[in-house]
Ligand SMILES: Cc1cc2nc3c(=O)[nH]c(=O)nc-3n(C[C@H](O)[C@H](O)[C@H](O)COP(=O)(O)OP(=O)(O)OC[C@H]3O[C@@H](n4cnc5c(N)ncnc54)[C@H](O)[C@@H]3O)c2cc1C
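Take a look at the structure:
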């Protein structure tokens, strides 16, 4: 899966948490700007594990603040595992 | 160490705490009520705990302590909570919370220092709370920034237990703008002196001393940092899984005493020519509380065992225990208060310990991750929570439910913030039901109900939109969370009962092995006993209540505890007194 596809998946997932359309989420903007909180971060970990098969800490959303940054982290992890 | 050894250790501890009925004894209910009336720390009782070295139970084995297995920590400390929950909180629990962060992420030097202090009877305070932010500790404002000599601090913490005397304090402080980026620091009072503010006055736990601390102008060396810079919330969310599972297990002890006080009253008091305990409502209530207490022990101990066995699901199991057990026990205390009548309100006389427990108990619940916070943790992770293998691993199940199987020392490094993988405890609901032999009509009906709920839960979670699981989650998501926690508790009870059936050697496990206890406990978990007067409940009354009531009476007359250990609270022998091990 390319970084671009992963990033789009993150955007779609975040949009579904916030009940907004995906076009409202900019993959280059920090998620915190959209009001992502610690509970969303926990949900995101579960969804990432479901989709990609590995566990990530909920701090991911702050360590890699934008959808693109998360996507490149996930792509790297997928390659190495 | 077998379960029999754990019972002996608890009895040895009780022997050293002395007779709870003897007013001259520092750890008696009467004396502890006197301390409470005076609004003073129970100094003499604390001195006894110090002399015995109870705090060794909080310290890992490799640092000269006794802590190996987390389920045993709950069993042992329960003895202190049976005397007085405020003694347990004041002497120990907040120290355990603080220490948990150090065992999880501290340096060898910090661990040695903490171990030494606890073993010598000292306290470690845990300073997270700020009045403005409560449970939302990600918003905490006490700030630390790099300075010439390490870190400089600004801001205030509030309601910190033991802040006036603790030699070490674990401080939670913001080190970055990011909401998740706080850090933890170990403040050593012998090196950095500063005063604590005035005491807060409280309704319960009046023997605890809560005060504010000002960190304005405090500086700490780099070596004070616990774990990674900016990693404080991660450390806390991992370490507190242990305390979330163990604290409710300890709190079972407070309800043990509430039940004992009430049962003694009900058996002794005669009205209309019969004893109060003979009235059906009273008898059923006493039995119901007894059954819940055993179930609470089993659920919290199972979660503690699972932290060893399935640490990747620890965030779920510990939150489920902290979510469900205190709520059930608090309701139980209210039920007992109804039975005690006027006596539940009296601050002297032989039932006075009851009103103290009633005031103290809520503090155990508020103090550390509110019920709603635990619910949010579970709700966000529901899809992971209901993941399970169709065919559970038998060896794994044995390790979880056979408490005679030793788990070795707990590895703090294995805890993770969120949950991953699959849930053995959730899957075990199905296998536990399948493995039960000779299931009669009533038990079969209860099992069907549990299986239906588990099917409902899984299909509901699959259809639920992610938004529903968020902070402003839907009522349906909340209901699903409640069902999940209750199904985990049911799974623990059924499987533990199955193990006791195959082994059944003593009174504690005979009760748990019985259909009578299991039915009453499961009806409690399903919320039937209180809210639904169905045929099922009618039948239970006739068939099961008498059997469990006999056990309650027998424990009362033998001074045995009501939990799964059924240990003797007034051991006449003292031969094990120097051999407390857990
Ligand atoms: C006896 C006692 C001893 C204490 N000792 C210490 C100590 O040693 N160290 C320390 O740091 N603190 C201590 N505290 C303070 C304790 O940490 C706080 O009380 C606790 O953090 C909760 O904060 P709060 O009471 O302000 O509640 P708030 O967080 O303001 O909660 C208010 C309401 O909002 C709900 N709520 C909060 N968050 C959520 C969420 N995520 N989802 C849904 N609902 C939510 C709560 O359930 C509650 O109903 C102590 C308190 C007491 C009473």
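Chains as they are written, first to last, in the working numbering: chain A, 44 to 124; chain B, 11 to 592. Where a beta carbon is used, it is the ideal one built from N, C-alpha and C, also for glycine.
Excluding five sequence positions before and after residue 411 (chain B), the CB atoms of its chain that fall closer than 6 Å to its own CB belong to 505, 506 and 509, given in chain order.
Comparing alpha carbon positions, the residue from B:471, B:294 and B:50 closest to residue 554 (chain B) is B:294.
In the structure shown, residue 195 (chain B) adopts extended strand secondary structure according to DSSP, grouped into three states.
With respect to the 9 Å criterion, residue 374 (chain B) and residue 99 (chain B) are classified as neighbours on the basis of their beta carbons. Contact annotation: residue 230 (chain B) and residue 195 (chain B) have beta-carbon atoms nearer than 9 Å.
Here the distance from the Cβ of residue 151 (chain B) to the nearest heavy atom of ligand 1 is not below 8 Å. The beta carbons of residue 46 (chain B) and residue 419 (chain B) sit no closer together than 9 Å. Using a 10 angstroms sphere on the CB of residue 52 (chain A), the tally of other CB atoms reaches 16 or more, which defines it as buried. Leaving aside the five residues that flank residue 58 (chain A) on each side, the residues in its chain whose CB is nearer than 8 Å to its CB run, in chain order, 64, 65, 67 and 68. Between ligand 1 and the CB of residue 234 (chain B), the shortest heavy atom gap is not smaller than 8 Å. With 16 or more neighbouring CB atoms inside 10 Å of its own CB, residue 41 (chain B) falls in the buried class. In this structure the stretch 466–481 of chain B does not lie against the stretch 355–371 of chain B, because fewer than three pairs of beta carbons, one per stretch, are closer than 8 Å. Between residue 128 (chain B) and residue 346 (chain B), the alpha-carbon positions lie close to 36 Å from each other. Using a Cβ-Cβ distance cut-off of 8 Å, the stretch 317–332 of chain B and the stretch 250–268 of chain B are in contact, since at least three pairs of beta carbons, one from each stretch, lie closer than that value. By the neighbour-count criterion, in which a residue is buried when 16 or more other Cβ atoms sit within 10 angstroms of its Cβ, residue 243 (chain B) is buried.
Counting every other CB atom within 10 Å of its CB across the protein chains shown gives residue 95 (chain B) a total of 16 or more, marking it as buried. Taking residue 248 (chain B) as the centre and dropping the five residues before and after it, the same chain places the C-beta of 114, 425, 426 and 427 closer than 7 Å to its C-beta, in chain order.
When the five nearest sequence neighbours on each side are left out, the beta carbons in the same chain lying within less than 6 Å of the beta carbon of residue 13 (chain B) are those of 413 and 414, in order along the chain. Taking a Cβ-Cβ cut-off of 8 Å, the neighbours of residue 62 (chain A) in chain B comprise 475 and 477, given in sequence order. Judged by DSSP secondary structure, residue 258 (chain B) falls within the alpha helix (DSSP H) whose first and last residues are 242–278. DSSP, read as helix, strand or coil, puts residue 336 (chain B) in helix. Fewer than three Cβ pairs drawn from the stretch 278–296 of chain B and the stretch 490–502 of chain B lie within less than 8 Å of each other, which leaves the two stretches out of contact. Residue environment analysis places residue 83 (chain A) among the buried positions, since at least 16 neighbouring C-beta atoms fall within 10 angstroms of its C-beta.
Closest by C-alpha distance to residue 91 (chain B), out of B:227, B:455 and B:23, is B:23. Setting aside the 5 residues that flank it on each side, residue 558 (chain B) is surrounded in the same chain by 297, 300, 301, 521, 524, 526, 527 and 530, each with a C-beta closer than 8 Å to its C-beta; the list follows chain order.
Only 475, 476, 477, 479, 480 and 481 from the stretch 451–485 of chain B bring a Cβ to less than 7 Å from some Cβ of chain A.
Put simply, the stretch 166–181 of chain B touches the stretch 204–219 of chain B. At least three CB pairs are less than 8 Å apart. A distance below 6 Å between beta-carbons, with the five flanking residues on each side excluded, links residue 431 (chain B) to the following residues of its chain, in chain order: 322. Contact check between the stretch 266–273 of chain B and the stretch 219–227 of chain B: fewer than three CB pairs, one atom from each, fall below 8 Å, which does not count as touching. Counting along the chain, residue 163 (chain B) sits inside the beta strand (DSSP E) bounded by residues 160–164. At least one beta carbon of chain A lies nearer than 9 Å to the beta carbon of residue 188 (chain B). The beta-carbon separation of residue 48 (chain B) and residue 308 (chain B), rounded to 37 Å, does not stay under the 8 Å limit for a contact. If only uninterrupted beta strand (DSSP E) runs of at least 3 residues are considered, those enclosed by the stretch 109–137 of chain B are 134–137.
When beta bridges are read from the DSSP output, residue 538 (chain B) appears opposite no residue. Between residue 575 (chain B) and residue 518 (chain B), the C-beta gap is smaller than 9 Å, which places the two residues in contact. Between residue 381 (chain B) and the set B:351, B:447, B:488 and B:134, the nearest pair of CA atoms involves B:488.
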